[in-house]
Structure formats: C-alpha cells, structure tokens
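Remarks on the structure that follows.
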Amino acid sequence: MDTILEQTRIPENEKERLANLYSYNIIENHDKTGTFQHIVSMAARIFNVPIALVSFVDEMNVVAQANIEMEGAGEFSRDISLCSMAILKNEVTVFENAREEPCLLTNLMVYGNFGLQFYAGAPLKTPGGFNIGVLAIVDKKPRTFSKDEEALLEGLAAIVMEELEERLSVSS
C-alpha cells in the first residue's frame with residue numbers, strides 16, 4: 001500500500017545518493033566495536049536516551065551500522081524507518097512526541113511493539129551534499145529537544161562523516 005508518506009521518502013537525487021553511499025563500502029561492513037560504536041555510546045550518554053544509532057539508508061532498507069540498545073536491529077524496512085525521512089532534510093529531524101505526528105499514525109515503529117516516542121536524527125552528509133544516512137537518538141517516552149542539542153547532534157554526525165572520509169581516503 002503506497003501512502004503519500006512512502007512516496008515522498010525517495011529523494012529526487014536518489015540514484016546519485018545511492019552511488020555516493022556505495023562508494024564508502026559501509027553497508028556490508030558493520031562497525032560493532034569501532035568509532036561509530038563509540039559515537040553512539042557517547043550520544044546515548046550525552047542526550048540521556050536509551051537508544052542511539054548510526055544508520056545508512058540503502059535502496060530498500062535502513063542498515064544500522066552501530067547501535068546502543070537495539071539488539072538484533074541490523075536492518076529495518078525503509079518504509080517504516082524514520083531515518084528514511086530524516087535523509088530528506090538538511091537539518092536535524094525531530095519528533096518530540098511521535099504519537100502526535102499525523103505522518104506517523106500508521107508507523108509500526110511508533111505504534112507497534114517497539115514503542116518509539118521521541119526521535120532526533122542528524123543527516124550524514126557527504127562532501128558532495130548527499131544525505132546517505134543518519135545519526136539518530138531515540139527514546140520510548142516523549143521529550144523536548146533544544147536548538148543547542150540539535151547543534152550537538154549535528155556535530156557528532158559530522159564526526160561520523162569525517163571518519164567515513166578518512167576510511168575512504170585510506171582505501172583509495
């Protein structure tokens with residue numbers, strides 16, 4: 001079933017965005033103990049949330065490369081992941097109370113067993129301007145999120161991208 005929300009989750013530059021994503025060779029290489037894992041651990045502590053993740057939005061799925069408190073959550077369908085919405089914006093996407101968002105009324109992450117209530121995701125932007133993924137923090141209860149906190153989350157996302165760029169330069 002195609003909803004308006006599902007149809008709008010594909011960026012206009014999708015083909016080029018995916019080519020940029022694949023150039024980092026990150027989808028198959030999970031970072032369970034490295035830099036990304038340290039960043040999500042710090043994000044969870046800084047923002048006092050139980051869940052944090054670095055995810056990359058592939059053609060069909062959202063792949064969590066590093067996460068805190070999401071055991072077994074390596075991949076999500078792009079149709080239900082809020083990260084697939086967050087790559088559409090060049091700033092932090094925030095849902096302070098997901099159950100009050102009309103666009104999320106049928107979202108299984110919000111109304112299913114997972115029970116997501118709060119979400120903030122900063123896009124992982126390549127030097128060419130493509131949003132290939134998200135550094136996200138999640139809570140199962142509503143909460144507020146200030147502009148200063150948005151800036152801090154964007155700073156952590158920039159560190160993720162710096163690490164990706166470093167890995168790319170080393171492998172070239």
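Residue numbers (full-length UniProt numbering): 1 to 172.
Glycine included, each C-beta is placed from N, C-alpha and C at the ideal position.
Next item on the list: Could you name the residues that DSSP lists as bridge partners for glycine 133?
Entry: According to DSSP, glycine 133 shares a beta bridge with Phe56 and Leu124.
Note to self: Between residue 174 and alanine 86, how many whole angstroms is the CB-CB distance? I'm expecting something under 8 Å.
What the structure shows: In this structure the chain extends from 1 to 172, so residue 174 is not present and cannot be described.
Note to self: Tell me the rounded alpha-carbon separation between aspartate 2 and arginine 167.
What the structure shows: Because aspartate 2 carries a pLDDT of 35, less than 50, the predicted location of this residue cannot be relied on, and the following value inherits that uncertainty. Looking at the two C-alpha atoms, the distance is approximately 37 Å.
Notebook entry, point to check: Between the C-alpha atoms of phenylalanine 130 and asparagine 13, what's the straight-line distance to the nearest angstrom?
Noted result: Whole-angstrom Cα-Cα distance: 8 Å.
Notebook entry, point to check: When the Cα atoms are used, what is the spatial distance from histidine 38 to isoleucine 68?
Noted result: Near 10 Å, if we compare the C-alpha coordinates of isoleucine 68 and histidine 38.
Check: DSSP state of phenylalanine 36, grouped into three classes?
Finding: DSSP places phenylalanine 36 in the helix class (H, G or I) of the three-state scheme.
Margin query: Determine whether the beta carbon atoms of phenylalanine 47 and glutamate 149 lie at a separation below 8 Å.
Written below: Glutamate 149 sits close to phenylalanine 47, with the two beta carbons spaced by under 8 Å.
Check: Just how far apart, CA to CA, sit lysine 147 and isoleucine 51?
Finding: Going from the Cα of lysine 147 to the Cα of isoleucine 51 covers about 20 Å.
Check: Skipping 5 residues on each side, what residues in its chain have a beta carbon closer than 7 Å to that of asparagine 20?
Finding: Thr126, Gly128, Phe130 and Ile132, listed in sequence order.
Checklist line | Residues sharing a beta bridge with phenylalanine 95, DSSP | finding: Bridge partners of phenylalanine 95: Tyr119.
Note to self: Tell me the residue span of the beta strand (DSSP E) that contains isoleucine 68.
What the structure shows: Isoleucine 68: member of the beta strand (DSSP E) spanning 61 to 68, first to last residue.
Next item on the list: Taking glutamine 65 as the reference, give the member of Ile27, Asn90, Ile10 and Glu96 with the closest Cα.
Entry: Among Ile27, Asn90, Ile10 and Glu96, the Cα nearest to that of glutamine 65 belongs to Ile27.
Check: Sorted by chain position, which residues of the same chain lie with C-beta nearer than 8 Å to isoleucine 80's C-beta, five sequence neighbours on each side aside?
Finding: The residues are Asn107, Leu108 and Met109.
Margin query: Using a 10 Å radius around the Cβ and a threshold of 16 neighbouring Cβ atoms, would you call threonine 144 buried or exposed?
Written below: Counting Cβ neighbours within 10 Å, threonine 144 comes out exposed, since fewer than 16 surround it.
Next item on the list: Figure out for me which residue from Arg99, Lys89 and Gly115 has the closest Cα to the Cα of valine 134.
Entry: Minimum Cα distance to valine 134 is reached at Lys89.
Item checked: Buried versus exposed call for valine 170 [16 or more other C-beta atoms within 10 Å across all chains shown] -> Label assigned to valine 170: exposed.
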